[in-house]
Each structure stands twice: as C-alpha cells, then as structure tokens.
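With the first letter of the sequence shown counted as 1, position 9 gets the number -7 in the numbering used here; the numbers rise by one all the way through.
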Amino acid sequence: QATATSISLGIDDLLTTPSKRWLVQDAEQQSLILEKHHHYGNVHAVEKLRQSIEIWYATSEYLRQEMNLNFKMTDPSNPVHIMSYSGARGNASQVHQLVGMRGLMSDPQGQMIDLPIQSNLREGLSLTEYTISCYGARKGVVDTAVRTSDAGYLTRRLVEVVQHIV
C-alpha cells in the first residue's frame, strides 16, 4: 500500500502558530527587564545569561506545545504533521524550526548565545540570525577536521612506535 499513495508539501502546509508574536514579545519584555537589572548592578552577568537562556528556552518550549496543538486542531491530516509525527521523515524539533522559532544556538566555543533566533525557516532569517545559525554548522565541520587530523596523527605515531616489532 505504501506505493499507492504519496504526500506532497506546499508552503501553505507550514502552519504558523497565531500566538507566536505575543509569546516572543513577552519574552523580549522579560529580557529587557533583566537587561535593566544587569545595567543597574542588581544581577551579575553570569546570572543574567542563565536567566536569559531560561526565558527563551521556556518560550521556545511553550511555542512547541502550541505548535503541536495548532496542527492537531487546525488540520490533523497536514502532510508536515503526518510525516514528522509518524516518524517517516523529520521530527518535532525540525518542524518547530520550520514553523515555530529556531531558538537558542551555541557559539563556536559551545557556549549558549543569549540572543535567540526568533524567526523560523518559513518566515526567513535576518542576516544576524543567519550568521548565528551558521555557527553550529561551522563548528561541526571544524570538529570533524580536527578529529580526523588527530586520529591520523595517532595512527602515524603508533606505526612509528611498533614498526621495529614486525
């Protein structure tokens, strides 16, 4: 039966959550208040970063729940919903990045950036958001190259050490 039917996707299948704008505005207000507390010396920089990450993580998770409800209530037979929740293609996190928000990213050193990517891939990213989202991909490529060269160096050293035994 799997060969008898198929699914096609269109931009209209990427249903955005109506409450996203208000959720993001609320998180921005909380971040602004936190920034003021930090500016006046009431909150240490490390605590500000921790609380900021917590605010945006909670916002992203709430938006993820809203996205799930929106798919189920608006169109349960939505192709994106069917593919991701059946396990055929993608997962909830990828759908969240498509229609929710990309969320928090980490910098090349692995530290969380307290400025989240508020846009989703359907809306498009600003130049700043695109640059931040590229950090992860670049870090992955660099880590792979470093691991490969380290492994090659280790192999060469092992051969040098044991070559007289053979």
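Note that beta-carbon positions come from the ideal geometry of N, C-alpha and C, so glycine has one too.
Checklist entry - With respect to the alpha helix (DSSP H) encompassing Thr128, which residues constitute its N-terminal and C-terminal limits? => result The residue you call residue 128 lines up with position 144 of the sequence shown. Leu111 to Val146 is the span of the alpha helix (DSSP H), which, as asked, contains Thr128.
Checklist entry - Any idea if Ser44 is buried or exposed, counting beta-carbon neighbours within 10 angstroms, 16 or more meaning buried? => result One-based indexing of the sequence shown puts residue 44 at position 60. Its Cβ being crowded by 16 or more others within 10 Å, Ser44 is buried.
Next on the checklist: Give me the DSSP bridge partner(s) of Gln87.
Outcome noted: Position 103 of the sequence shown, counted from the first residue, corresponds to residue 87. A small correction: the amino acid at residue 87 is Gly; Gln does not occupy that position in the sequence shown. Paired residues: Ile101.
Checklist entry - When the Cα atoms are used, what is the spatial distance from Ala72 to Lys20? => result By 1-based counting over the sequence shown, the position of residue 72 is 88. By 1-based counting over the sequence shown, the position of residue 20 is 36. Their backbone Cα atoms lie some 46 angstroms apart in a straight line.
Item to check | Own chain residues within Cβ distance below 7 angstroms of Asp127, not counting five before or after | outcome: In the sequence shown, counting from the first residue as 1, residue 127 sits at position 143. Closer than 7 angstroms at the Cβ level, and outside the excluded window around Asp127, lies no residue.
Item to check | the ligand ZN heavy atom lying under 6 angstroms from the CB of Val145 | outcome: As for the ligand ZN, it is missing from this structure, which has no ligand bound.
Checklist entry - Taking the alpha helix (DSSP H) that Glu38 falls in, what are its first and last residues? => result Locating residue 38 in the sequence shown gives position 54, where the first residue counts as 1. Element bounds for Glu38: Ala29 to Thr58.
Checklist entry - What do you reckon, are the CB atoms on Pro100 and Trp40 nearer than 7 angstroms? => result As a position in the sequence shown, residue 100 is number 116, starting the count at 1. As a position in the sequence shown, residue 40 is number 56, starting the count at 1. It is a contact, given that the beta carbons lie within the stated cut-off.
Next on the checklist: Here's the rule I'm using: 16 or more other beta-carbon atoms within 10 Å means buried, otherwise exposed. How should Ser(-8) be labelled?
Outcome noted: On the sequence shown, residue -8 is found 8 positions in, with the first residue counted as 1. Ser(-8) comes out exposed.
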